[in-house]
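Reviewing the structure listed below.
Protein chains: 2
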Amino acid sequence: MVEGVESAVGLDRRVARSKDAVLSATYELMLEGGLGGVSVDEVSRRCGVAKTTIYRHWPSRAALVLDACSQMGVAAPQPDTGSLADDLRILVEGLVAELGAPGWASVLPSVIDAAERDPDIARAHASLHRTLMAPFVEAVERARQRGEVAAADEPADVVALLVGPLFYRRWFSREPLDASFVETVLSGMPGRRPRDTP
Amino acid sequence: MVEGVESAVGLDRRVARSKDAVLSATYELMLEGGLGGVSVDEVSRRCGVAKTTIYRHWPSRAALVLDACSQMGVAAPQPDTGSLADDLRILVEGLVAELGAPGWASVLPSVIDAAERDPDIARAHASLHRTLMAPFVEAVERARQRGEVAAADEPADVVALLVGPLFYRRWFSREPLDASFVETVLSGMPGRRPRDTP
């Protein structure tokens, strides 16, 4: 009985390891060539997991890509300094570092492109977006509860005004996300005006 | 002599018409399936121009796609009301309409995705981006000359703060670009604060 339980645990672990290997290989291929660069053949070659095993867990290439997309971003740790300006500075500095690194930032445009035409990818992207933005929304919600942000200010709007210009520079104008621009963006946020604007 | 000139003009017109037809078909295919949806075979079928003729003007599929990309966006007419707030309102309303319509807004993500990995596409995208943003930059430049915007405020930064949140909603959070959000974005712009903030 105990042996049976251990075997089942061992099997679960092996399955979990091979699923992780498949998702990692899928993510690597996405980093190299966007969503379009992923084929089950190449994933199988890259991670050494047989195609039949891959298809046992993901019925199609689309299902595999969706799963890899939804696991792509990791939410930043939630800062809680008691000041919105300080919380947002920590979050923005973390985000700027991610935007400049070879990671989800170079894959996201291919997800967004696919989301324009594929409702399943659009749903995976929405979930990924919520994960990435959750600590920003949470920081603004807390500041609203403290009265640092007006009750009328929607957290989603505040986040759009903060993150939108950073995304714009990374993918649209392709200008550097330098310290001076980060200050410009942060200085427009609520919770800064009363202290810092004359 | 006169006849010869007329024939040359006639030939130029025929060439121009067939090039236009090829670029229009390329753009249509991009609207339907992004950059990846374009093949010279399909372009030829769609517009009835022979592949040999297409390859005479564009040596490769990549060259054709690049040309179609760079002609994709049309700059909005330059408003010049004498007030930055009014100029920006006109430009933002035009941009929001474009972002909501089936046009370059649904193709741009595929251009940005390709630009992540292809320096030629990155150059075509940069040129397209400059075209689309030129009236915004010009409006801020004029306001700076009138003293409505501080000399220290970079027009590119002002445009990022204005356009970034709109792009964020269109492609990242996929929230509606409604009138209330447009007001929120416009109310943060320079030239509004002295008049509208207590």
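Note that the protein sequences, when read in sequence, are chains A and B.
Following full-length UniProt numbering, the numbering of the first sequence begins with 1 at its first residue and continues without gaps.
Following full-length UniProt numbering, the numbering of the second sequence begins with 1 at its first residue and continues without gaps.
Just so it is clear, CB atoms sit at the ideal spot from N, CA and C, and this is done for glycine as well.
Next item on the list: Ignoring anything shorter than 4 residues or poking outside the stretch 86-167 of chain A, list the alpha helix (DSSP H) runs there in chain order.
Entry: Entirely contained in the stretch 86-167 of chain A, the alpha helix (DSSP H) runs reaching 4 residues are, in chain order, 104-115, 119-146 and 155-167.
Check: Looking at the structure shown, is residue 30 (chain A) part of a helix, part of a strand, or coil, going by DSSP?
Finding: As a working note, residue 30 (chain A) is residue 30 in the first sequence. Helix.
Item checked: residue 188 (chain A), DSSP secondary structure in three states -> The residue given as residue 188 (chain A) occupies position 188 in the first sequence. Reduced to three states, the DSSP call for residue 188 (chain A) is coil.
Check: Got a sec: is the Cβ-Cβ distance from residue 112 (chain A) to anything in chain B below 9 Å?
Finding: The residue you call residue 112 (chain A) lines up with position 112 of the first sequence. It does; some Cβ of chain B falls within 9 Å.
Next item on the list: Go ahead and pull the three-state DSSP assignment for residue 193 (chain A).
Entry: For the purposes of this step, residue 193 (chain A) is taken as residue 193 along the first sequence, with counting starting at 1. Residue placement at residue 193 (chain A) is poorly supported in this model, since its pLDDT is 44, which falls under 50; the coordinates still yield a value, given next. Of the three classes helix, strand and coil, the one that applies to residue 193 (chain A) here is helix, per DSSP.
Note to self: Helix, strand or coil, according to DSSP, for residue 63 (chain B) in the structure here?
What the structure shows: Here residue 63 (chain B) refers to the residue found at position 63 when the second sequence is read from its first residue. Residue state, collapsed to three classes: helix.
Notebook entry, point to check: Can you tell which of A:190, A:40 and A:104 has the C-alpha that lies nearest to the C-alpha of residue 150 (chain A)?
Noted result: As a working mapping, residue 150 (chain A) is identified with position 150 in the first sequence. For residue 150 (chain A), the closest C-alpha among the options A:190, A:40 and A:104 is that of A:190.
Check: What does residue 129 (chain B) reach in chain A if we use C-beta pairs closer than 7 Å?
Finding: As a first step, residue 129 (chain B) is located in the second sequence; it is residue number 129 there, counting from the start. Residues of chain A whose Cβ lies closer than 7 Å to the Cβ of residue 129 (chain B) are, in chain order, 172 and 173.
Next item on the list: Kindly indicate the opening and closing residues of the alpha helix (DSSP H) around residue 83 (chain B).
Entry: Within the second sequence, residue 83 (chain B) is the residue found at index 83, counting from 1. Going by DSSP, residue 83 (chain B) is part of no alpha helix (DSSP H) at all; its letter is neither H nor E.
Next item on the list: For residue 58 (chain B), name the three-state secondary structure that DSSP assigns.
Entry: The residue you call residue 58 (chain B) lines up with position 58 of the second sequence. In the three-state DSSP reduction, residue 58 (chain B) falls in the coil class, being neither helix nor strand.
Item checked: Expected contact under 8 Å - CB spacing of residue 124 (chain B) and residue 70 (chain B) to nearest Å -> On the second sequence, residue 124 (chain B) is found 124 positions in, with the first residue counted as 1. On the second sequence, residue 70 (chain B) is found 70 positions in, with the first residue counted as 1. Taking 8 Å as the upper bound for CB-CB distance, residue 124 (chain B) and residue 70 (chain B) are in contact here, some 5 Å apart.
Check: With burial defined as no fewer than 16 other Cβ atoms inside 10 Å of the residue's Cβ, what is the status of residue 15 (chain A): buried or exposed?
Finding: What you label residue 15 (chain A) is simply residue 15 of the first sequence in a count that begins at 1. Only exposed fits residue 15 (chain A), as fewer than 16 other CB atoms lie within 10 angstroms of its CB.
Note to self: Using a Cβ-Cβ distance cut-off of 9 Å, determine whether residue 109 (chain B) contacts chain A.
What the structure shows: As a first step, residue 109 (chain B) must be located in the second sequence, where it is residue number 109. Chain A, which has a Cβ nearer than 9 Å to the Cβ of residue 109 (chain B), makes this yes.
Margin query: Looking at residue 86 (chain B): is its Cβ nearer than 9 Å to the Cβ of residue 77 (chain B)?
Written below: Residue mapping note: residue 86 (chain B) aligns to position 86 of the second sequence, counting from 1. Residue mapping note: residue 77 (chain B) aligns to position 77 of the second sequence, counting from 1. No; because the gap between Cβ atoms is not below 9 Å, this pair is not in contact.
Next item on the list: Could you tell me the distance, in whole angstroms, from the CA atom of residue 186 (chain A) to the CA atom of residue 162 (chain A)?
Entry: For this step, residue 186 (chain A) is matched to residue 186 along the first sequence. For this step, residue 162 (chain A) is matched to residue 162 along the first sequence. Roughly 7 Å separates the two Cα atoms.
Next item on the list: Please state if the CB of residue 146 (chain A) and the CB of residue 88 (chain A) are separated by a distance shorter than 9 Å.
Entry: Walking along the first sequence from the start, residue 88 (chain A) turns up at place 88. Walking along the first sequence from the start, residue 146 (chain A) turns up at place 146. Residue 146 (chain A) is positioned such that its CB atom lies no closer than 9 Å to that of residue 88 (chain A).
Check: Between residue 38 (chain B) and residue 61 (chain B), which are expected to be in contact by the criterion C-beta below 8 Å, what is the C-beta distance as a whole number of angstroms?
Finding: Numbered from 1 along the second sequence, position 38 holds the residue referred to as residue 38 (chain B). Numbered from 1 along the second sequence, position 61 holds the residue referred to as residue 61 (chain B). Confirmed, Cβ separation roughly 7 Å.
Next item on the list: Pull up the CB-CB distance for residue 53 (chain B) and residue 7 (chain B), whole angstroms please, since I reckon it's below 8 Å.
Entry: The residue you call residue 53 (chain B) lines up with position 53 of the second sequence. The residue you call residue 7 (chain B) lines up with position 7 of the second sequence. The pair is not a contact, with the Cβ atoms about 19 Å apart (cut-off 8 Å).
Notebook entry, point to check: Any beta-carbon of chain A closer than 9 Å to the one on residue 161 (chain B)?
Noted result: Translated into positions along the second sequence, residue 161 (chain B) becomes position 161. Taking CB atoms only, residue 161 (chain B) has a neighbour in chain A less than 9 Å away.
Margin query: Using 8 Å for Cβ pairs, my map puts residue 172 (chain A) next to residue 167 (chain B). What's the rounded Cβ distance?
Written below: The residue given as residue 172 (chain A) occupies position 172 in the first sequence. The residue given as residue 167 (chain B) occupies position 167 in the second sequence. Beta-carbon to beta-carbon, residue 172 (chain A) and residue 167 (chain B) are separated by about 6 Å, close enough to satisfy the 8 Å threshold.
Notebook entry, point to check: Going by alpha carbons, who is nearest to residue 81 (chain A) out of A:159, A:156, A:24 and A:143?
Noted result: If you number the first sequence from 1, residue 81 (chain A) lands on position 81. When each option's Cα is compared against that of residue 81 (chain A), the closest is A:143.
Check: Is the number of C-beta pairs between the stretch 17-33 of chain A and the stretch 105-113 of chain A that are closer than 8 Å three or more?
Finding: Flag = yes, the stretch 17-33 of chain A and the stretch 105-113 of chain A touch.
Next item on the list: At 8 Å on the CB atoms, spell out the chain B contacts of residue 156 (chain A), in chain order.
Entry: For the purposes of this step, residue 156 (chain A) is identified with residue 156 of the first sequence, where counting begins at 1. Per Cβ cutoff of 8 Å: 173 and 175.
Next item on the list: Tell me where the alpha helix (DSSP H) around residue 178 (chain A) begins and ends.
Entry: Position 178 of the first sequence holds residue 178 (chain A). Bounds of any alpha helix (DSSP H) do not take in residue 178 (chain A), whose DSSP letter is neither H nor E.
Check: Under 9 Å between C-beta atoms, does residue 133 (chain B) make it to chain A?
Finding: Reading the second sequence from its first residue, position 133 is the one you call residue 133 (chain B). Taking Cβ atoms only, chain A reaches closer than 9 Å to residue 133 (chain B), which makes this a yes.
Next item on the list: Could you tell me the distance, in whole angstroms, from the CA atom of residue 152 (chain B) to the CA atom of residue 92 (chain B)?
Entry: Here the question's residue 152 (chain B) lines up with position 152 in the second sequence. Here the question's residue 92 (chain B) lines up with position 92 in the second sequence. If I take the Cα positions, the gap works out to 23 Å.
Check: What number of angstroms, rounded off, separates the C-alpha of residue 21 (chain A) from the C-alpha of residue 49 (chain A)?
Finding: To locate residue 21 (chain A), count along the first sequence from 1; it is residue 21. To locate residue 49 (chain A), count along the first sequence from 1; it is residue 49. Across the structure, residue 21 (chain A) and residue 49 (chain A) are spaced so that their CA atoms are roughly 8 Å apart.
Notebook entry, point to check: Where does residue 182 (chain A) sit, in a helix, a strand or coil, going by DSSP?
Noted result: Position 182 of the first sequence holds residue 182 (chain A). When DSSP states are grouped into helix, strand and coil, residue 182 (chain A) belongs to the helix group.
Next item on the list: Compare the C-beta of residue 115 (chain A) with all C-beta atoms of chain B and state if any pair is closer than 9 Å.
Entry: Translated into the one-based positions of the first sequence, residue 115 (chain A) becomes position 115. Closer than 9 Å to some Cβ of chain B, the Cβ of residue 115 (chain A) qualifies, so yes.
Item checked: Cross-chain neighbours of residue 136 (chain B) in chain A, by beta carbon under 8 Å -> Position 136 of the second sequence, counting from 1, holds the residue named residue 136 (chain B). Within 8 Å Cβ-Cβ: nothing; residue 136 (chain B) doesn't reach chain A, min ~11 Å.
Next item on the list: Look at the alpha carbon of residue 44 (chain A) and the alpha carbon of residue 24 (chain A), and state the distance between them as a whole number of angstroms.
Entry: Here the question's residue 44 (chain A) lines up with position 44 in the first sequence. Here the question's residue 24 (chain A) lines up with position 24 in the first sequence. For residue 44 (chain A) and residue 24 (chain A), the gap between their C-alpha atoms comes out near 11 Å.
Item checked: Contact check, residue 165 (chain B) vs residue 181 (chain B), beta carbons under 9 Å -> Taking the second sequence and counting its residues from 1, the one referred to as residue 165 (chain B) is at position 165. Taking the second sequence and counting its residues from 1, the one referred to as residue 181 (chain B) is at position 181. Their beta carbons are under 9 Å apart, which means residue 165 (chain B) touches residue 181 (chain B) by this criterion.
Check: Could you give the residue range of the alpha helix (DSSP H) that holds residue 40 (chain B)?
Finding: Taking the second sequence and counting its residues from 1, one reaches residue 40 (chain B) at position 40. Start and end: 40-47.
Notebook entry, point to check: When we look at the beta-carbon of residue 100 (chain B) and count the other beta-carbons within 10 Å, is it buried (16 or more) or exposed?
Noted result: Position 100 of the second sequence, counted from the start, is the residue given in the question as residue 100 (chain B). Around the C-beta of residue 100 (chain B), fewer than 16 other C-beta atoms lie within 10 Å, and the residue is accordingly described as exposed.
Check: Taking the alpha-carbon positions, what's the residue 136 (chain B) to residue 159 (chain B) distance?
Finding: Translated into positions along the second sequence, residue 136 (chain B) becomes position 136. Translated into positions along the second sequence, residue 159 (chain B) becomes position 159. If I take the Cα positions, the gap works out to 6 Å.
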